[in-house]
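*Asks:* Below are the structure tokens for one structure; questions will follow.
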Amino acid sequence: MTKHHLQSQIKSTSTAYILFFFLFGTHYAYLGKWGLQFLFWFTLGGLGVWGLIDLFTMSSKVEAHNANIYRQIDEIDKRERNDDQARQMAMIAAARGNS
164 MTKHHLQSQI KSTSTAYILF FFLFGTHYAY LGKWGLQFLF WFTLGGLGVW GLIDLFTMSS
224 KVEAHNANIY RQIDEIDKRE RNDDQARQMA MIAAARGNS
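This note's numbering puts the sequence shown at residues 164 to 262.
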């Protein structure tokens, strides 16, 4: 995955709440958790209990999703920095060898 693709996967808490209230509780689909989404629909939000809990835990669900994305972006950044450093060291070694 590229860094730009991962950055496009970062989600907003306010959008998740809007989807929860106005689009039949599609907040799990927004976070890419389709299995939970269908379970939420089939149980009617746990007969309301699950939906009530989600009202208070929505921000932490979005933060956990985004934390995973940020972790992957950091890994890509570290890999790119290491590759750049290795390339620079190889160029220095090649320049010293030619002198």
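Don't be surprised by glycine CBs; every beta carbon is placed ideally from N, CA and C.
(1) Of the choices G214, W197 and Q172, whose alpha-carbon is the least far from that of F184?
(2) The alpha helix (DSSP H) that contains S171, what's its start and end?
(3) Where does L199 fall in DSSP's three states?
(4) Give every residue of the same chain whose Cβ lies closer than 8 Å to the Cβ of T189, excluding the five residues on either side of it in the sequence, and list them in chain order.
(5) Could you give the C-beta distance for V225 and A179, rounded to a whole number, given that I count them as a contact under 8 Å?
(6) Checking 7 Å against the spacing of the C-beta atoms, do I236 and K174 come in under that value?
(7) As a quick exercise: from Q170, G198, S177 and H168, pick the residue whose alpha carbon is nearest that of L218.
(8) Going along the chain, which residues of its own chain have a beta-carbon closer than 8 Å to the beta-carbon of L194, five neighbours each way excluded?
(9) Residue range of the alpha helix (DSSP H) that S177 falls in?
*Replies:* Concretely, from the data shown:
(1) G214
(2) K166 to S171
(3) helix
(4) L182, F183 and Q200
(5) 5 Å
(6) no
(7) S177
(8) K174, A179, K224, V225 and H228
(9) T176 to F185
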